[in-house]
Every structure is written in structure tokens, then in C-alpha cells.
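A.B. asks: Please read through the structure below; I'll follow up with questions.
Residue numbers (this note's numbering), protein chains in the order written: chain A, 2 to 651; chain B, 2 to 651.
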């Protein structure tokens with residue numbers, strides 16, 4: 002079998018003839034992201050053949066010049082013999098990182114105004130189990146059940162095998178003093194022991210809140226006794242190597258083996274984060290009895306190994322919207338295998354548990370009459386409008402640009418990310434803020450929004466998203482990789498951490514414009530469908546992984562958010578994660594999220610013929626109809642903004 | 002590492018220096034039974050070193066002559082270099098075999114007189130699930146739950162991951178016509194789908210009844226729709242290689258690895274039987290949703306991987322008596338992993354679910370005032386006395402002799418076993434019946450009882466169990482393997498199927514006497530403890546794997562059973578298996594067996610000082626006190642029976 006060696010990493014893999022270069026890279030442990038799922042469309046998995054030859058199946062978007070230089074698309078090239086392959090500098094995927102600590106879960110809001118009792122799904126009870134007596138022929142489980150009843154616990158006790166296997170030793174280790182983790186009793190008064198520990202261990206109970214994002218996964222380790230988030234870690238979803246958006250992933254998962262691969266990739270990501278958090282906080286993962294998970298419908302299907310195909314096909318039917326509670330071991334999480342995993346309920350194929358959980362952090366979860374708009378700008382854009390009485394939701398194919406995927410120097414909001422950008426109008430100097438300080442490795446969502454707005458305001462970018470070489474800035478030049486693309490250098494190579502310049506090219510900008518257009522037009526269509534105007538909106542709740550400092554004014558200026566008074570906006574951050582945290586900590590939040598899911602009416606955007614023209618009109622900065630952005634229009638006039646060309650093509 | 006080769010099989014294993022010969026034999030796939038669990042006590046694992054040398058750790062019961070000839074105990078010999086080992090002809094372990102077919106489960110009796118509805122634990126429902134509709138955003142599970150409700154099923158439906166993974170395909174394969182296997186709803190009206198099949202599959206539902214015996218495991222495949230036993234298969238418990246009785250097994254299981262080994266061995270045996278039955282009846286094992294299991298407390302602990310150590314140590318406390326229902330996959334059975342396994346409840350460490358299940362086949366399960374005695378003569382002897390109001394139980398360490406273990410030519414009641422023996426008083430000729438006809442391979446329990454009684458009556462055996470060479474029979478001679486032991490040849494080598502003579506030696510006879518003494522004395526002590534006499538017993542129910550034709554008269558003659566009118570005896574056969582079958586088929590049987598377990602008072606025999614003298618007195622044929630066996634005494638007098646010597650030592 003031929004051997005393929007990838008440079009500069011120097012890693013090799015021996016693969017059968019006919020294997021794709023993408024698979025060879027995966028086998029060699031070299032990450033080549035393929036946002037389109039390996040369909041030969043996006044051109045992101047470019048690599049250059051430096052020795053040997055490969056068979057080209059498709060040329061994708063490669064120019065004749067690039068083809069001459071040896072560039073191929075890894076997904077569309079087959080191994081036919083030994084080869085040396087040079088891959089562009091890998092994407093700056095930041096390491097998993099404890100990005101927040103010491104945060105209180107948003108209990109009051111989630112609990113719908115009622116007092117939070119803080120009882121998690123599985124509770125601990127400490128007790129003394131009397132020693133066995135000769136002739137009474139009581140089993141260990143009988144004695145434990147008796148002690149549980151005596152401590153005011155449920156009347157009947159069952160146990161799974163893992164617990165039964167520990168029982169004899171645990172009862173004898175601490176002279177009968179034990180702590181049991183038990184499910185709440187069913188209406189017959191029967192509960193299950195899922196774990197037994199010697200001694201009194203009620204002072205320590207931790208749980209997991211998990212956000213399974215298409216681009217990024219985040220996990221919080223939560224102290225359930227003190228109702229306190231111990232730490233949060235996030236990382237790119239390992240499935241990124243197999244497609245950037247849900248449709249690419251569904252296409253990739255067309256065989257059981259590939260479905261199993263995607264399941265393994267996301268479990269690896271999440272379990273890696275759990276492992277990091279547990280190590281950092283000295284928690285033994287098997288001590289974790291409770292987890293709450295929020296994710297979009299496709300992500301939950303892939304994580305559970307459920308066939309996602311019918312999510313993609315009309316009439317878009319998932320296997321499950323409200324996933325029943327499952328065991329940690331069945332799900333495959335690094336936790337007590339008998340522990341419970343709760344899932345935020347989904348509403349449909351494209352409005353999932355990430356949205357219902359996200360709504361827990363808003364006033365839409367509470368009874369009130371004010372109409373609010375909820376936007377989740379993740380890999381997909383989901384929009385919800387409604388009040389405490391009714392809710393309507395739709396999904397827009399926004400793309401993961403603001404999460405750092407589909408943008409060459411994009412990255413999630415972690416250490417090394419440029420989170421704020423300002424261009425000095427007088428000098429043209431670029432001032433940046435980097436998360437964690439030091440030299441930057443890439444740009445996160447909030448930085449990209451700043452950059453688009455500042456470039457436009459500085460006259461370096463036209464409303465259609467084309468860079469203006471005539472503006473005379475030395476930051477604008479040909480994009481790396483060739484072609485007719487222009488790029489704007491944000492940080493020159495000598496100042497970046499990777500040694501490569503951090504820049505935004507016109508293809509990146511188009512991706513960002515498509516995302517913001519999808520979100521804005523979905524909001525517009527949604528409001529139109531219920532006969533409301535943006536002005537009727539009391540509050541706009543914005544969720545998404547932009548970073549810590551979303552500049553609302555600039556978000557409006559680029560046309561991502563509607564032009565409303567700034568005080569009407571609330572930035573929620575990762576609301577899916579905070580919703581999962583609330584579900585983990587508060588029984589009321591679990592009730593509330595189910596009630597939200599029942600209340601939501603799902604609007605199929607694809608069937609609305611007006612959507613495409615709304616979308617096309619929103620592909621410009623800020624919009625073809627400037628009257629929709631009166632503040633921006635006024636500012637343009639007042640400040641005689643140096644924007645180049647007409648605001649939209651004539 | 003040295004290589005050890007076992008003859009005559011010619012199988013080799015390469016093992017580390019210091020490994021026991023027993024482990025080397027296991028590694029080579031050669032079965033050497035070690036009834037004492039490898040403690041160097043029983044002398045059953047004898048083998049002869051023919052080349053190389055091994056290190057002797059203990060000499061066990063070997064004579065100096067045997068040691069000179071190269072005989073060693075495999076359990077107590079360590080490998081120090083290459084060696085050739087000759088093992089005696091392997092025990093005639095019969096293959097798994099369909100020994101019964103077409104039997105109705107004993108439903109009427111088990112159901113306590115009430116009409117049996119025949120509803121198994123998990124039921125099937127067939128229905129049509131309407132196709133999904135665009136815009137309704139119902140998941141597959143939602144639509145299924147709706148259809149289940151529409152068919153009169155439970156109001157709320159949950160599903161495990163295995164079922165969810167099949168759901169999308171199953172709903173689309175037969176145009177929405179599906180059959181679901183669902184648990185009965187809990188009191189909240191919530192049920193779980195454990196399996197989904199396309200089309201109407203309600204006509205076929207099979208279940209497993211499993212008897213986990215210390216010596217023998219038996220499995221019945223039961224048609225739950227027609228309430229009919231399709232077939233039964235039995236085989237020796239694979240754990241026999243690691244000890245013959247429960248105490249040897251518990252001693253063996255002293256490390257987690259060894260416990261796991263025992264678990265694997267018995268699962269192999271049971272799953273082998275399930276596989277045979279399924280193949281024979283063209284049933285896919287994953288279609289089996291229900292199983293009911295009966296076994297003694299130690300067997301259930303070992304099967305489930307529960308630490309059995311505290312069963313052996315005072316105050317004899319098992320982890321569990323009433324094992325909660327478990328999933329097939331958790332137990333490790335070859336069936337639907339999400340299917341349910343029910344366990345017959347145990348009462349104490351030495352009165353287990355085999356006894357409570359066994360009682361289901363007797364009138365003790367029904368309300369009535371007649372006092373009955375229930376004897377289970379398996380590897381342990383358990384005795385229950387009582388009526389429909391009260392029950393008292395005790396355990397005697399009977400030993401597995403009548404199941405064919407601890408008796409050189411003993412075997413279970415399967416093809417090739419001598420099941421009946423008659424010695425012609427005039428000619429001395431031995432007449433035998435062989436199960437399945439043809440040449441015999443060994444003797445089963447009923448054959449051994451016949452043989453003891455006939456030998457004694459023919460004057461070839463004295464009451465203490467010594468063979469009488471002076472009787473002039475050419476069948477009596479030195480036992481194979483040497484020593485001062487005598488043996489009686491039942492079938493000469495040329496007439497046996499194995500090519501080796503089938504004989505009973507004095508050590509075999511002592512094992513049989515110990516077993517019958519343990520059972521009889523336990524009955525006597527038990528009755529004394531409740532102030533009753535044997536005469537007060539309305540019915541004696543005898544369970545055990547003797548075979549099809551237990552000769553009650555001969556069982557009384559050897560002192561195994563009390564001397565009562567023959568019409569008071571009922572032979573139940575494998576009552577644990579028929580009890581498990583009843584539990585599988587009838588909800589009433591499940592209620593009844595739990596009620597029986599609650600009613601039983603457990604008597605600890607070891608703490609009764611009178612037990613040892615009762616036992617010693619019962620070690621003779623039939624007993625030191627002939628007045629307890631008036632029929633036998635009268636027969637001896639009337640027929641001037643040619644028994645040799647005084648009936649007991651003077």
C-alpha cells in the first residue's frame with residue numbers, strides 16, 4: 002500500500018490505493034477541515050503535491066495556475082502511489098481552555114419566578130446501614146433499602162448491576178456509613194440507586210452542562226451543592242473535519258460506519274473537555290451522576306448515532322425531538338455510566354434543544370405580554386419571536402462564519418483571538434484587543450464584526466463586500482493562495498503568533514455577508530409572518546459564540562442586527578450552555594424548557610417565496626434598503642462617511 | 002515461555018513459568034475438572050507427567066506408588082519447563098441437547114388457582130403509523146407514540162438508544178406498519194419501546210426460561226403467544242472447571258479477574274444453549290425480549306459479577322436476594338439487549354431463587370393446610386417444609402453426586418446415560434437402560450440410586466458403602482487409578498461408548514452416601530424444629546436432575562428419601578426450570594413467587610448442634626436406625642436380603 006507523507010508536520014500514513022487524500026490525512030493525524038463534507042465544493046481542503054502524483058477526481062475552485070503549481074483538493078484526490086503533500090498552515094484551533102470560572106447559573110430567570118429548590122435529578126443521601134445479623138437473612142440491598150426508608154427516602158429501592166457490584170464492599174468499608182446517589186422516586190415510590198460511596202459524600206456533587214454545537218462544543222462543570230459553575234471549557238467539534246454545517250455532516254453520515262465515525266468524533270471532543278475540567282478541579286468522572294445537554298437536532302442525532310437522513314429530506318422528520326433521559330454509559334460520556342443525561346427538547350429538524358435551552362435565559366420563558374426577538378447566530382441561525390403566551394421559530398442557513406469556520410483566519414473566542422478591532426481614521430493604524438493578551442492567532446466573531454464595520458467606515462470596503470485597492474492602504478493586496486481575490490492584512494506575519502499574516506479576504510467577507518444576511522432576512526420574514534414590525538420588539542436577545550464584547554452598534558452598522566435603540570438589545574453569550582446549566586441545577590428549569598418546546602410553532606422558511614428576495618437584499622452593507630437602517634443612514638450623511646461607491650449596485 | 006502438551010488430545014499451550022498445570026490445560030482447551038476449586042484437596046484433577054518435569058506444590062491424596070508413576074495434581078503443580086502431560090479420559094460431558102419439546106408450562110398450578118392471562122412482561126403491539134406531514138414537525142417517536150395511544154396502548158412512550166437507532170428505518174420499511182415491543186406502563190402511564198419491527202410480528206414472540214444450576218444449566222425456549230415450550234437444552238455449567246460446589250467457586254472468585262472468569266464461563270454455557278435452541282427453532286436471538294431466570298444465590302451472584310464472598314462468611318449476607326429486573330445486555334445474555342430479565346427471588350445465601358421458583362410447581366404455592374416437604378437434590382440440597390400458610394427452609398451441603406459430578410462415571414441425564422440398573426439376583430447379570438439407546442457413556446442420578454440399591458440387595462455392598470470382594474462377583478476388583486479402592490464394573494470397556502469401563506468405586510459411593518445423608522438429615526432436623534414427624538407429611542415433592550425415571554422405592558431403600566407410602570411422593574424433575582417458565586408466561590406466577598419468598602423463614606442448619614449426629618447416622622444404607630425405615634427393615638427380614646455384615650458398624 003502506498004505511503005503518503007504530510008508536510009510540514011512530517012506525519013505519514015499507509016493507505017490503500019484509491020483512498021482520498023482527506024482520509025489519508027485523517028489516518029496520519031493531520032487535520033484538514035472540509036466544510037462541505039468532502040463534496041469537492043468549498044475548496045477548503047487544499048493541499049499541494051510536492052512529490053509523487055495523485056489522481057484528481059475534481060478540480061473544485063482551483064485556478065489553472067494553482068493546478069500547475071500542484072494544488073489539489075484533498076477530498077477529491079485519490080492516492081495512487083507514494084506521495085509527499087504540503088498542507089497549508091493548520092487552522093489556529095485553540096486548545097481546550099477554561100474560559101470562565103465561578104459563574105452562578107441563571108437560576109432565577111430560568112425558574113419562571115418560582116423559588117429554585119436546587120434539587121438535581123439524582124440526589125445524594127448519607128446514612129448508616131446497620132451490620133447484618135445472623136439468622137435474619139437480609140441481603141445487603143435489603144439493609145440499604147431499609148436505611149434509605151429510615152432516612153426519609155423512597156420506599157422501594159432497585160439498583161443496576163454496576164451499583165450492585167460495588168455494594169458489598171461499600172457497606173463494609175466505612176462500617177455501614179454510606180452515601181447513595183438515587184433517582185427521584187416514581188409515583189409508585191420506587192427509586193434507583195445509581196452509585197454508592199463509603200462515608201458521607203453529600204458535600205460533593207458535581208454535574209455537567211453540555212452544549213453540542215455544530216462548530217464548537219462547550220462543557221461546564223457545575224457544583225450542584227453550591228449551585229456554582231466551577232469551570233467551562235470549549236473546543237471545536239471534532240466533526241469539523243467531516244463538514245462545516247449540518248447538511249454536510251448529514252451527507253457524510255450516509256453509511257453506518259461514517260455515522261459511527263461522526264459519533265466518535267464529537268464524543269472525543271466532549272469527553273476531552275470533561276477530562277480537562279475534571280483534572281483541573283480534581284473530580285473523578287465516575288462521580289458525576291447528572292448531565293444536561295443542549296444541541297441542535299442534527300448534532301443530537303449524530304451524538305446518539307441516530308440516522309440523520311430524514312432531517313435533510315422533506316418533510317424533514319427527525320427520529321426524536323424530545324430525547325428521553327438516557328444513561329451516561331449509553332450516551333458514551335465520561336461520567337457514571339448509570340448516571341442520567343437530560344436533553345433539552347427540540348421542536349423540529351432545524352429548531353433544536355439549543356434554542357429551547359437558550360430561551361431559558363430570556364424573559365420569553367416567563368409569563369409576560371411584551372414581544373421579544375431571540376437570535377441564535379451559531380452555525381445555523383435560528384430566530385424566535387413571541388412573548389410569554391406564544392412563540393414562533395424558524396431556521397436560516399446562516400453558516401458558521403462568526404464561529405470562525407469558513408473564514409481563513411477565523412477562530413472561536415479563546416486565548417489568542419482578536420476580539421475587538423478599531424481602525425484609526427486619521428492614521429489608518431489598526432488597533433486590536435487579543436483575548437488573554439500577547440500575539441494573536443486569529444479573529445473571533447466579535448472581531449470580524451468590528452473589522453467589517455471599521456473597513457467599511459474607513460472606505461476600504463464597498464457595500465457589496467469588495468475591498469478597495471484604490472483607497473491607497475498598504476494593507477490591501479492579493480489574497481494568499483492566489484486568484485483574483487484581494488485581502489486586507491489585519492496583523493502582519495511578524496506580529497502574529499503563528500508567523501503567518503492574519504488577514505480577511507473577499508471570500509471570507511462573502512461568507513460573513515451571507516451569514517448576516519441569512520439572520521437578518523429570517524428576522525424580517527418571521528416578523529412579517531406574524532404581522533409585526535421591528536419597532537414592536539421590546540427586546541432583542543442575541544445568542545452566539547461571538548466572544549465577550551459584541552459591539553451592538555457595529556453589528557447594526559453591518560446589517561446583522563436590526564436598527565433599534567441599543568438599550569433594547571441583550572447579548573446572552575452561549576445561551577444553550579447556560580440553559581443546560583439551568584436544567585442541570587433547577588427542576589423548574591426542566592419543566593420550563595419542556596413547556597417552551599410545547600409552545601413553539603415552527604415556521605418552514607424554505608416554503609416562503611419572499612425569503613430569497615429578502616436574503617438577497619440583505620447581502621449588502623448594511624442593506625439595499627437604507628431606510629431600514631435610519632441610524633446608519635443618518636450617520637453616513639452626518640459624518641460624510643468615506644464609504645466608497647454607491648451603497649448598492651445600480 | 003515453556004510449552005506444555007496434553008495427551009491424548011495433543012493440544013499445547015505456552016504459559017509462563019510458575020503457571021499451574023490446571024491453567025495450562027485451560028489455556029490448551031483441555032478440560033480438567035477441579036471440584037474443590039483448585040485447592041489440592043479433591044484429587045480429581047490428576048494427570049501424569051510423561052516428559053519433562055513439573056514442580057509439585059502438594060501431593061493431595063496421591064499414593065507413593067502413584068507419585069513414582071508420575072501422577073500429579075494439576076491444580077497443585079507448577080510449570081517449570083516444557084512438559085508432556087497425559088490426562089485420563091475426559092469426563093463424558095454430553096453435548097447440549099434438546100431433551101424435551103412440546104411441553105406446556107405448569108401454568109394452572111403456578112397461578113395459584115386464578116385464571117392465567119398469559120401476558121408476558123414485555124408485549125407486542127402492531128399498528129399503522131401515518132406518514133409525516135410537512136410543517137407538523139413531529140418526530141418519528143412522536144408519531145409512533147401517537148399511534149400506540151391510538152391502538153389503546155400507554156399514554157407516554159420512551160425508548161432506549163438501540164430502539165431509537167432502528168426507528169427511522171423501521172417506520173419507512175413497511176409503509177408505517179410496525180410492531181413494537183413495549184414494557185407495561187408504570188403508574189404514570191409511561192412505557193418503554195424496547196424493539197421495533199416492520200410489519201405485523203405479533204404472531205411470534207418467544208422468551209427464555211433459564212435454570213442456572215451449580216452443576217447443570219438448562220434453558221427452555223418458550224412460545225409466549227401459544228404458551229408452549231418449544232424446546233429445552235441443558236449442559237454442564239462451564240464453571241465446573243473451577244470448582245464443583247458453591248463454596249469452591251466462591252473461594253476461586255477471590256479476585257475481580259477470577260470473578261469475571263466465572264461470569265464468562267457460565268454466560269458461555271447459557272448463551273451456547275440459547276444459540277443451539279435459536280438455531281434449531283429458527284429464532285433470531287435479538288427477537289427475544291423476555292427472560293426469566295432461577296438459580297441459587299451464589300450462581301446468580303457469579304452470573305452477575307457480584308462479589309460472592311460474604312455469602313461464605315458469617316453472617317452469610319448476599320448482596321441481593323430479590324434481584325431487580327435487569328436488561329438482557331447488562332446481564333450478558335444472547336437476546337435483545339434492551340429486553341428484560343426477571344429473577345426468581347432468593348430468601349438467603351443458601352436458599353435461592355431456584356427454590357422459590359421450584360415451589361411454584363407444588364401445592365405449597367396454593368392456599369391449603371396440608372403440610373408438605375419439598376426436597377431439591379441438586380448440587381446443594383435444599384429442604385422446605387410448610388403449607389399454604391407458612392414455609393420454613395434450610396440448606397444442606399449435599400454435593401453434586403447425583404448430578405454426575407464427584408462420581409467418576411457420573412453424568413447428567415442426557416443421551417448415553419445409564420438411567421436404570423437392575424442386577425439379576427440369580428445370575429448376577431446387570432441389566433441397564435440407556436437414555437437414547439445404544440452404548441452408554443456414563444451413569445446419571447437415577448441410575449446411581451438404582452445401582453446402590455441393587456448392589457446392596459445383591460450383597461455386593463455393605464451398609465457402610467464398602468464393596469464386598471468376598472461375594473465372588475467378577476465385577477468387583479481394584480479401582481482404576483490404583484490405591485486400596487475397590488470398584489464395581491457396571492459396563493465393561495468393550496460395551497461402553499468411550500472404550501473405558503463404566504464403574505463405581507468406593508470413593509464414588511462415599512460421595513453418594515454423603516449426599517443422601519445430607520438430604521435426609523436436613524429433612525429430619527427441619528421437621529424436628531417445627532415439632533412434626535415424617536408421618537405428618539401429606540406429600541413429599543422431590544426435585545433434582547436425576548433423570549426421567551426416579552425409582553422411589555430404591556431411593557427409600559438407600560435412605561435418600563423417608564420411608565413413607567409411595568403415593569405420597571411426587572417427582573418434579575427440574576422444578577427451577579419449570580418455575581422460571583411459569584414466571585415467564587404468567588404474571589400471577591411472578592406475584593406468587595414473590596409471595597413465596599416473603600413467606601419463607603430461613604433456618605440456619607450449621608447452628609443446630611443436633612445436625613452433625615443426624616448426618617453421621619444417615620451415612621449408612623439406609624440408616625443406623627433401621628426403625629426409621631420400617632418397610633426396608635421388613636423387606637430385609639422377609640426376603641432375607643443378602644446384605645453383608647451388620648447394617649452399621651458395631
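Note that the Cβ used here is the ideal one computed from N, Cα and C, for glycine as well. Since the structure is predicted, the reported quantities are computational estimates derived from the model, not experimental observations.
Would you call the CB atoms of residue 145 of chain B and residue 315 of chain A closer than 8 Å?
C.D. replies: Position 144 of the second chain holds residue 145 of chain B. Position 314 of the first chain holds residue 315 of chain A. No; because the gap between Cβ atoms is not below 8 Å, this pair is not in contact.
A.B. asks: Using a Cβ cut-off of 9 Å, pull out every chain B residue sitting near residue 603 of chain A, in sequence order please.
C.D. replies: Here residue 603 of chain A refers to the residue found at position 602 of the first chain. Correct list: 136, 137, 138.
A.B. asks: Going by DSSP, what residues sit across from residue 129 of chain B in a beta bridge?
C.D. replies: As a first step, residue 129 of chain B is located in the second chain; it is residue number 128 there, counting from the start. DSSP output for residue 129 of chain B lists B:178 as bridge partner(s).
A.B. asks: Near residue 357 of chain A, what residues of its chain come up, given a Cβ to Cβ distance below 6 Å and the 5 sequence neighbours on each side ignored?
C.D. replies: For the purposes of this step, residue 357 of chain A is identified with residue 356 of the first chain, where counting begins at 1. Excluding sequence neighbours, residue 357 of chain A sits near 345, 346, 594, 597, 598.
A.B. asks: Can you confirm whether residue 107 of chain A, when its beta carbon is compared against all beta carbons of chain B, has any partner nearer than 8 Å?
C.D. replies: Walking along the first chain from the start, residue 107 of chain A turns up at place 106. Residue placement at residue 107 of chain A cannot be trusted, given a pLDDT of 48 that sits under 50; what the coordinates show is reported in the next sentence. Cβ-Cβ to chain B under 8 Å: no for residue 107 of chain A.
A.B. asks: Taking the Cβ atom as the reference point for each residue, do residue 350 of chain A and residue 270 of chain A lie within a distance shorter than 8 Å?
C.D. replies: Taking the first chain and counting its residues from 1, one reaches residue 350 of chain A at position 349. Taking the first chain and counting its residues from 1, one reaches residue 270 of chain A at position 269. Not closer than 8 Å, so no.
A.B. asks: For the segment 399-464 of chain B, which segments carrying the beta strand (DSSP E) assignment without a break, of at least 3 residues, lie completely within its bounds, in sequence order?
C.D. replies: If we require 3 residues or more, the beta strand (DSSP E) runs fully inside the segment 399-464 of chain B come out as 418-424, 431-435.
A.B. asks: For residue 111 of chain B, name the three-state secondary structure that DSSP assigns.
C.D. replies: By 1-based counting over the second chain, the position of residue 111 of chain B is 110. Residue confidence for residue 111 of chain B is low, a pLDDT of 30 falling below 50, so the modelled location carries little weight and cannot support an answer.
A.B. asks: Check each residue of the segment 291-318 of chain B: if its Cβ is closer than 8 Å to any Cβ of chain A, include it; give the result in chain order.
C.D. replies: Taking 8 Å as the Cβ-Cβ cut-off against chain A, the residues of the segment 291-318 of chain B that qualify are 305, 306, 307, 308, 310, 311, 315, 316, 317, 318.
A.B. asks: Would the segment 149-168 of chain B count as touching the segment 303-320 of chain A if we require 3 or more Cβ pairs under 8 Å?
C.D. replies: Verdict: yes, contact present.
A.B. asks: At which residues does the beta strand (DSSP E) containing residue 344 of chain B begin and terminate?
C.D. replies: Position 343 of the second chain, counted from the first residue, corresponds to residue 344 of chain B. Taken as a continuous stretch (DSSP letters only), the beta strand (DSSP E) holding residue 344 of chain B covers 341-344.
A.B. asks: Is it buried or exposed for residue 285 of chain B, if we count other Cβ within 10 angstroms and need 16 for buried?
C.D. replies: For the purposes of this step, residue 285 of chain B is taken as residue 284 along the second chain, with counting starting at 1. The residue in question, residue 285 of chain B, is exposed, as its Cβ has fewer than 16 Cβ neighbours within 10 Å.
A.B. asks: On the DSSP bridge list, what partners appear for residue 237 of chain A?
C.D. replies: What you label residue 237 of chain A is simply residue 236 of the first chain in a count that begins at 1. Residue 237 of chain A pairs with A:217.
A.B. asks: Report the rounded CA-to-CA distance for residue 514 of chain B versus residue 25 of chain B, giving the unit in angstroms.
C.D. replies: Along the second chain, read from residue 1 onward, the residue named residue 514 of chain B stands at position 513. Along the second chain, read from residue 1 onward, the residue named residue 25 of chain B stands at position 24. Between residue 514 of chain B and residue 25 of chain B, the C-alpha separation is close to 34 Å.
A.B. asks: Please work out which residues of its chain come closer than 6 Å, Cβ to Cβ, to residue 567 of chain B, disregarding the five sequence neighbours upstream and downstream, and give them in chain order.
C.D. replies: Taking the first residue of the second chain as position 1, residue 567 of chain B is located at position 566. Once the five neighbours on either side are set aside, the close Cβ partners of residue 567 of chain B are 553.
A.B. asks: Could you name the residues of the same chain whose beta carbon sits closer than 7 Å to that of residue 227 of chain B, not counting the 5 residues immediately before and after it, in chain order?
C.D. replies: Along the second chain, read from residue 1 onward, the residue named residue 227 of chain B stands at position 226. Within the same chain, residue 227 of chain B has no close Cβ partners at all.
A.B. asks: According to DSSP, simplified to helix, strand and coil, what is residue 479 of chain A?
C.D. replies: Taking the first chain and counting its residues from 1, the one referred to as residue 479 of chain A is at position 478. Of the three classes helix, strand and coil, the one that applies to residue 479 of chain A here is strand, per DSSP.
A.B. asks: For residue 285 of chain A, which of helix, strand or coil comes out of DSSP?
C.D. replies: Your numbering for residue 285 of chain A matches position 284 in the first chain. In this structure, residue 285 of chain A counts as coil in the three-state DSSP scheme.
A.B. asks: What is the rounded straight-line gap between the Cα of residue 50 of chain A and the Cα of residue 71 of chain A?
C.D. replies: Locating residue 50 of chain A in the first chain gives position 49, counting from the first residue. Locating residue 71 of chain A in the first chain gives position 70, counting from the first residue. Cα-Cα distance, rounded: 5 Å.
A.B. asks: Can you tell me the Cα-Cα spacing of residue 587 of chain B and residue 214 of chain B, whole angstroms?
C.D. replies: Indexing the second chain from 1 puts residue 587 of chain B at position 586. Indexing the second chain from 1 puts residue 214 of chain B at position 213. Computed Cα separation, rounded: 23 Å.
A.B. asks: What does DSSP give as the partner residues of residue 388 of chain B in its beta bridges?
C.D. replies: Reading the second chain from its first residue, position 387 is the one you call residue 388 of chain B. DSSP lists no partner for residue 388 of chain B.
A.B. asks: DSSP three-state label for residue 64 of chain A, please.
C.D. replies: Residue mapping note: residue 64 of chain A aligns to position 63 of the first chain, counting from 1. Three-state result, residue 64 of chain A: coil.
A.B. asks: Looking at the C-beta of residue 52 of chain A, does it have a partner C-beta in chain B at a distance below 8 Å?
C.D. replies: In the first chain, the residue the question calls residue 52 of chain A occupies position 51. So, not an interface residue.
A.B. asks: Report yes if the C-beta distance between residue 392 of chain A and residue 600 of chain A is below 8 Å; otherwise report no.
C.D. replies: Here residue 392 of chain A is taken as the residue at index 391 of the first chain, counted from 1. Here residue 600 of chain A is taken as the residue at index 599 of the first chain, counted from 1. Result yes, Cβ atoms of residue 392 of chain A and residue 600 of chain A sit closer than 8 Å.
A.B. asks: Under 7 Å between beta-carbons, which chain A residues line up against residue 322 of chain B? List them in chain order, please.
C.D. replies: Here residue 322 of chain B is taken as the residue at index 321 of the second chain, counted from 1. The answer, in chain order, is 140, 143.
A.B. asks: Give the residues of chain B in contact with residue 349 of chain A, contact being defined as C-beta atoms less than 7 Å apart.
C.D. replies: Indexing the first chain from 1 puts residue 349 of chain A at position 348. Those are 138, listed as they occur along chain B.
A.B. asks: Please confirm if residue 325 of chain B has its CB atom under 8 Å from at least one CB of chain A.
C.D. replies: Residue mapping note: residue 325 of chain B aligns to position 324 of the second chain, counting from 1. Chain A, which has a Cβ nearer than 8 Å to the Cβ of residue 325 of chain B, makes this yes.
A.B. asks: Indicate whether residue 664 of chain A and residue 334 of chain A have their beta-carbon atoms separated by less than 8 Å.
C.D. replies: Nothing in the structure corresponds to residue 664 of chain A, since chain A is present only between 2 and 651.
A.B. asks: Compare the C-beta of residue 377 of chain A with all C-beta atoms of chain B and state if any pair is closer than 8 Å.
C.D. replies: Walking along the first chain from the start, residue 377 of chain A turns up at place 376. For residue 377 of chain A, the answer is no, since every Cβ of chain B falls outside 8 Å of its Cβ.
A.B. asks: Tell me, which residues are paired with residue 593 of chain A by DSSP?
C.D. replies: Against the first chain, residue 593 of chain A aligns to sequence position 592. In the DSSP output, where bridge partners are listed per residue, residue 593 of chain A has none listed.
A.B. asks: Between the C-alpha atoms of residue 188 of chain A and residue 123 of chain A, what's the straight-line distance to the nearest angstrom?
C.D. replies: Position 187 of the first chain, counted from the first residue, corresponds to residue 188 of chain A. Position 122 of the first chain, counted from the first residue, corresponds to residue 123 of chain A. When rounded, the distance between both Cα atoms is 16 Å.
A.B. asks: Who are residue 605 of chain A's beta bridge partners in DSSP?
C.D. replies: Numbered from 1 along the first chain, position 604 holds the residue referred to as residue 605 of chain A. The partner list for residue 605 of chain A (beta bridge, DSSP) is empty, contrary to what the question assumes.
A.B. asks: Output yes if chain A places a C-beta closer than 8 Å to the C-beta of residue 368 of chain B; else output no.
C.D. replies: Stepping through the second chain from its first residue, residue 368 of chain B is reached at position 367. It does not; no Cβ of chain A falls within 8 Å.
A.B. asks: Under 8 Å, do residue 543 of chain A and residue 551 of chain A count as touching if we go by C-beta distance?
C.D. replies: Position 542 of the first chain, counting from 1, holds the residue named residue 543 of chain A. Position 550 of the first chain, counting from 1, holds the residue named residue 551 of chain A. Yes, Cβ-Cβ distance for residue 543 of chain A and residue 551 of chain A is below 8 Å.
A.B. asks: Using 8 Å as the limit for Cβ to Cβ distance, is residue 1 of chain A near chain B?
C.D. replies: For residue 1 of chain A there is no data in the structure shown, the boundaries of chain A being 2 and 651.
A.B. asks: What does DSSP give as the partner residue(s) for residue 7 of chain A in the beta ladder?
C.D. replies: Numbered from its first residue, the first chain carries residue 7 of chain A at position 6. According to DSSP, which records beta bridges pairwise, residue 7 of chain A is partnered with A:12, A:86.
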